[in-house]
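Taking this note's numbering, I'd label the letters of the sequence shown as residues 2 to 215. Don't be surprised by glycine CBs; every beta carbon is placed ideally from N, CA and C. Notes to accompany the following structure.
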Amino acid sequence: MYQIIDVEQWSRREHFHFFKNFQDPFFNVTAPVDVTALSATCKKNGWSFFLACLYLSSKVVNAIPEFRYRLVHGEVRAYDRIHIGTTIAHEDHSFSFCYFDFQEDFPSFAEAARTAITQQKIRKTLLPENHRHDLIHYSSTPWVAFTGIKHARQFGFEDSIPKIVFGKYFAENGGLQMPISLEAHHALMDGWHAGQFFIQFAAAAKKFAQIKTV
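Right, dumping it as structure tokens:
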């Protein structure tokens, strides 16, 4: 479900018109986030660190309205809820894209994720059958503690879906830091909104120990 935003009455009207026709309207922010408590909680309970990152990130993006905006057929849509589109790895080092719906509680989220990932690993097609706009595109590079990411782009193709990548966490000052890359459409959000994502993700990661056991 979504609502169409009246762009001419929108507080972002000037910014939207300024950025929307750029050949490359996406900006990228990459920064480290403290995942010390998050990693410890996942290891203690035998949880997937990657699924925990997906869950916390999805909670944050659904709480920030600008992450739910999409540019589709020239109109700006505000989706009620944003779901997950993530890369998953195969044993032969290839990958597929996998979609599944967001769930508010972590046990339900993890179950939905495991089911969708298992099914997509069996199909092993690159893309799921249905194309959706109500997603965040996720990926992970657990082999590299990157300091920047550049995504492949098909210019001329209408795309406004944010992309979030989790990197390899590393030890620093007695804790663990993980780089996160966020790429977003500048017509739909600015640096302040990107900053809120990093701030809220870091806060959510520290509180994850309070999550009930799956």
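Considering only S161, H132, I165, the residue with the shortest C-alpha distance to S140 is I165.
For N46, the uninterrupted alpha helix (DSSP H) segment begins and ends at 37 to 46. For the pair F103 and P163, the Cα-to-Cα distance works out to about 16 angstroms. K45 and F110 have their alpha carbons spaced roughly 19 angstroms apart.
Burial state of I123 is exposed, judged by a 10 Å Cβ sphere holding fewer than 16 other Cβ atoms. In this structure, the beta-carbon distance from E67 to M190 falls below 8 angstroms. If you compare the alpha carbons of I150, E130, T87, F158 with that of F23, the shortest gap goes to F158. For G192, the three-state secondary structure derived from DSSP is helix.
Y3: member of the beta strand (DSSP E) spanning 3 to 6, first to last residue.
The alpha carbon of W48 has as its nearest neighbour, out of R115, G75, L183, Y170, the alpha carbon of R115.
Taking a contact as a CB-CB distance under 8 angstroms, the pair S97 and I89 counts as one, their CB atoms being some 6 angstroms apart. The residue among A53, F147, V62 with its C-alpha nearest the C-alpha of F199 is V62. Secondary structure at Q104: coil, using DSSP grouped into helix, strand and coil.
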